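Numbering (the numbering used here), first residue to last: 1 to 428.
A short write-up of the structure that comes next.
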Amino acid sequence: MKYINRSVFREYLSSRLDAHIWARQILIAAAVFCFFTPALIAQSQPEPLQISICDLKKNPMAYDGKSIRIRGFASLEFEDFSLNSMDCRGWPWIWLLFGGDVATPTKSTINDNERFPGTVLKFNGVRYPLLKDEEFHKFYKLITARHEMKSVYQVTATLTGTFFAIRERKDASGNTYPSGFGHLGCCHLFIITAVSAVEGTPYNYSGIQGTVVSTSGVPLSGVTASTGGYPTGDQPDSVATDELGRFSFPGPRGVLHFRKVGYRPVTLFMDQTANKYRIVLDEVDTSGWTIPDCPTSEDFHARVGLRTLFMVPKGGEITKKKENGGRVETNISVQNERSKLTIVSGELLGPGALDDFWELESETFEERWILDAQGKILGIDMRGELPDGHRWRHARFGNSDLVTFVPVGAKTAVFYDKVIDSACTAAH
Numbered sequence: 001m002k003y004i005n006r007s008v009f010r011e012y013l014s015s016r017l018d019a020h021i022w023a024r025q026i027l028i029a030a031a032v033f034c035f036f037t038p039a040l041i042a043q044s045q046p047e048p049l050q051i052s053i054c055d056l057k058k059n060p061m062a063y064d065g066k067s068i069r070i071r072g073f074a075s076l077e078f079e080d081f082s083l084n085s086m087d088c089r090g091w092p093w094i095w096l097l098f099g100g101d102v103a104t105p106t107k108s109t110i111n112d113n114e115r116f117p118g119t120v121l122k123f124n125g126v127r128y129p130l131l132k133d134e135e136f137h138k139f140y141k142l143i144t145a146r147h148e149m150k151s152v153y154q155v156t157a158t159l160t161g162t163f164f165a166i167r168e169r170k171d172a173s174g175n176t177y178p179s180g181f182g183h184l185g186c187c188h189l190f191i192i193t194a195v196s197a198v199e200g201t202p203y204n205y206s207g208i209q210g211t212v213v214s215t216s217g218v219p220l221s222g223v224t225a226s227t228g229g230y231p232t233g234d235q236p237d238s239v240a241t242d243e244l245g246r247f248s249f250p251g252p253r254g255v256l257h258f259r260k261v262g263y264r265p266v267t268l269f270m271d272q273t274a275n276k277y278r279i280v281l282d283e284v285d286t287s288g289w290t291i292p293d294c295p296t297s298e299d300f301h302a303r304v305g306l307r308t309l310f311m312v313p314k315g316g317e318i319t320k321k322k323e324n325g326g327r328v329e330t331n332i333s334v335q336n337e338r339s340k341l342t343i344v345s346g347e348l349l350g351p352g353a354l355d356d357f358w359e360l361e362s363e364t365f366e367e368r369w370i371l372d373a374q375g376k377i378l379g380i381d382m383r384g385e386l387p388d389g390h391r392w393r394h395a396r397f398g399n400s401d402l403v404t405f406v407p408v409g410a411k412t413a414v415f416y417d418k419v420i421d422s423a424c425t426a427a428h
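Structure below.
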């Protein structure tokens, strides 16, 4: 039997005890560190900037890559997941992207419809987690609620996350153009990391009704109210007011156009939470645009168009292509510009309506009748300016010429306006 020296054994036990004490102290220190470190990190990070959507759109580069907090109403439709404000609706929009493992709940060109559970979104090498608390689940439930393919609620919420502004890029010719995020590179980007203060207001889908009156308050009959902005199926796209100026539509509408000879045209944007409207039409006396007859001695080779002719100033580049049915499309561009003014000429142009999008998104918008020299109505001239200063215009001259540009910078808009404003009616 082998005996152990007692003094050696005591030294061994003492060393083991000291090691145990040190190990326990290290574990305690590690636990304390792990417990308090998140709080310390959170305190070291700057508080997200509280900013309005309007201020963000006015100066997006000032907040590029920064943690911010914004409030607005979320739009979730096909190829659209964005945050908006009624005070400054319009392009450029703010495309939303969830952090964490929550995929984008709509189809679009970004193809973000599937994510692996438990993963964290990684963008530009940085990971963005998502706080999945009660407010997040309420937000997600409300924005994805559908009835017959329509959103059930208008959802307003405060979103915390990181903002990325649209970039200016150059093409092969050195021309600059905006390059954004989201569907078709449409937008600024906001990556959501937390949601709060969620509110949901049910949309009104019970139909709308209203009355059209003159500036003196007299009900106007025979006013055509036509609609756009939502698929309507077999519902009527236009109705006429009765003898008391009343009109109604059985389903929701995004935009209503009101037209009557002798009165200025009006476009109204629908509030989906309301269903009764009172429309006032101004007399057309001071709001029409009269197109003169073209001088018979003028050299028409400098002009383009069919029954309405347009002068192209120096610096404008013209390209033409024939389409089916005798239609001719003429594109006028300015040197070093990607945009173009399009003139479609032909005897049978079809409706030729401007997409309601441009009206809905404009910060300012106006429209007027186009009249010939004899006072006969030829069509409607519409123009607007988006919140970022870009402009658009759409003019319909009877059933023969349709002129459009969307959207261009202020300098290019001046050139294109000069082309449209030079319109004169050719003798036939």
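Even glycine gets a Cβ: it sits at the ideal position worked out from N, Cα and C.
As the structure is a prediction and not an experimental result, all values here were calculated from the model.
| For Ser-44, which three-state DSSP category applies? | As a first step, residue 44 must be located in the sequence shown, where it is residue number 44. Model confidence at Ser-44 stands at a pLDDT of 41, short of 50, so the residue's coordinates are unreliable; what they give is reported in the following sentence. In the structure shown, Ser-44 sits in a helix (DSSP, three-state: H, G or I).
| Bridge partners of Asp-80, per DSSP? | On the sequence shown, residue 80 is found 80 positions in, with the first residue counted as 1. BP columns for Asp-80 point to Glu-77.
| In terms of residues, what are the limits of the alpha helix (DSSP H) holding Tyr-277? | Working through the sequence shown from its first residue, we reach residue 277 at position 277. First-last for Tyr-277: 276–281, but that is the beta strand (DSSP E), not the alpha helix (DSSP H).
| task | Using three-state DSSP, classify Ala-19 as helix, strand or coil. | result | For the purposes of this step, residue 19 is identified with residue 19 of the sequence shown, where counting begins at 1. In this prediction, Ala-19 has a pLDDT of 44, which is less than 50 and means its spatial position is unreliable; nothing more can be read from the coordinates.
| So, is Lys-340 buried or exposed, given that buried needs 16 or more other C-beta atoms within 10 angstroms? | In the sequence shown, residue 340 corresponds to position 340, counting from 1. Label assigned to Lys-340: buried.
| query | Shorter than 8 Å from the beta carbon of Val-198 to some beta carbon of chain D? | reply | Among the chains in the structure shown there is no chain D, since it carries only a single protein chain.
| request: Keeping to the same chain, check which residues put their C-beta closer than 8 Å to that of Tyr-153; ignore five residues upstream and five downstream. | output: To locate residue 153, count along the sequence shown from 1; it is residue 153. Closer than 8 Å at the Cβ level, and outside the excluded window around Tyr-153, lie Leu-142, Ile-143, Ala-145, Gly-200, Thr-201, Pro-202, Tyr-203.
| task | Please name the residue, chosen from Glu-77, Gly-217, Asp-133, Glu-135, that lies closest to Glu-148 on a Cα-to-Cα basis. | result | As a first step, residue 148 is located in the sequence shown; it is residue number 148 there, counting from the start. When only C-alpha atoms are compared, the closest one is Glu-77.
| query | The beta strand (DSSP E) spanning Val-126 covers which residue range? | reply | On the sequence shown, position 126 is the one that residue 126 refers to. Looking at the DSSP string, the run of the beta strand (DSSP E) that includes Val-126 is 126–128.
| What's the gap between the Cα of Gly-100 and the Cα of Cys-186? | The count along the sequence shown starts at 1 and reaches residue 100 at position 100. The count along the sequence shown starts at 1 and reaches residue 186 at position 186. Cα to Cα, the separation comes out at about 23 Å.
| field | Residue span of the alpha helix (DSSP H) that contains Ile-420, given as start and end | value | Counting from one through the sequence shown, the residue named residue 420 turns up at place 420. That run of the alpha helix (DSSP H) goes 410–421.
| said: At the level of alpha carbons, what is the spacing between Val-255 and Gly-118? | reply: Along the sequence shown, read from residue 1 onward, the residue named residue 255 stands at position 255. Along the sequence shown, read from residue 1 onward, the residue named residue 118 stands at position 118. One C-alpha to the other measures close to 42 Å.
| message | With a threshold of 8 Å on Cβ separation, who are the neighbours of Phe-247 within its own chain once the five nearest residues in sequence on each side are excluded? | response | The residue you call residue 247 lines up with position 247 of the sequence shown. Result list for Phe-247: Gln-209, Gly-210, Thr-211, Val-212, Val-223, Ala-225, Val-239, Ala-240, Thr-241, in chain order.
| Reduced DSSP category for Tyr-153 - H, G, I as helix; E, B as strand; rest coil | By one-based count along the sequence shown, residue 153 stands at place 153. It is a strand residue.
| message | Just verifying my parser: in three-state terms, what is the DSSP assignment at Glu-361? | response | Taking the sequence shown and counting its residues from 1, the one referred to as residue 361 is at position 361. Three-state result, Glu-361: helix.
| request: Have a look at Lys-320 and Val-328 and give me their C-alpha separation to the nearest angstrom. | output: On the sequence shown, position 320 is the one that residue 320 refers to. On the sequence shown, position 328 is the one that residue 328 refers to. Cα-Cα distance, rounded: 7 Å.
| said: Can you list, in chain order, the residues of its chain with a C-beta nearer than 6 Å to that of Val-198? Leave out the 5 residues immediately preceding and following it. | reply: Your numbering for residue 198 matches position 198 in the sequence shown. Counting only Cβ-Cβ distances below 6 Å, and skipping sequence neighbours, we find Glu-135, Lys-138, Phe-139, Ala-157.
| request: Evaluate Leu-431 with the Cβ neighbour count: other Cβ atoms within 10 Å of its Cβ, from every protein chain shown; 16 or more gives buried, anything less gives exposed. | output: For the chain, the structure presents residues 1 to 428; residue 431 sits outside this window and is missing.
| Leaving out the 5 sequence neighbours to the left and right, which residues in its chain are closer than 8 Å to Val-312 when beta-carbon positions are compared? | Along the sequence shown, one-based indexing puts residue 312 at 312. Within the same chain, Val-312 has close Cβ partners Ala-302, Arg-303, Val-304, Ile-318, Ile-332, Val-419.
| query | Would you call the CB atoms of Leu-386 and Glu-363 closer than 8 Å? | reply | In the sequence shown, counting from the first residue as 1, residue 386 sits at position 386. In the sequence shown, counting from the first residue as 1, residue 363 sits at position 363. Yes, these two residues count as a Cβ contact at 8 Å.
| query | Going by the beta-carbon positions, is the gap between Arg-393 and Ile-380 smaller than 8 Å? | reply | For the purposes of this step, residue 393 is identified with residue 393 of the sequence shown, where counting begins at 1. For the purposes of this step, residue 380 is identified with residue 380 of the sequence shown, where counting begins at 1. Result no, Cβ atoms of Arg-393 and Ile-380 do not sit closer than 8 Å.
| What residue range is occupied by the uninterrupted beta strand (DSSP E) comprising Asp-112? | If you number the sequence shown from 1, residue 112 lands on position 112. That residue, Asp-112, is in no beta strand (DSSP E); it is neither H nor E in DSSP.
| field | Contact under 8 Å by Cβ, Leu-281 with Ile-192 | value | Here residue 281 refers to the residue found at position 281 of the sequence shown. Here residue 192 refers to the residue found at position 192 of the sequence shown. No, Cβ-Cβ distance for Leu-281 and Ile-192 is not below 8 Å.
| field | Terminal residues of the beta strand (DSSP E) in which Thr-193 lies | value | Here residue 193 refers to the residue found at position 193 when the sequence shown is read from its first residue. First-last of the beta strand (DSSP E) with Thr-193: 188–202.
| task | Starting from the Cα of Tyr-63, find the closest Cα among Gln-50, Ser-75, Gly-72, Phe-73 and give me that residue. | result | Position 63 of the sequence shown, counted from the start, is the residue given in the question as residue 63. Residue Gln-50 is the option with its Cα nearest to Tyr-63.
| message | Quick check: the Cα distance between Asp-421 and Arg-307, rounded to an integer number of angstroms? | response | For the purposes of this step, residue 421 is taken as the residue at position 421 of the sequence shown. For the purposes of this step, residue 307 is taken as the residue at position 307 of the sequence shown. Distance between the alpha carbons of Asp-421 and Arg-307 is about 15 Å.
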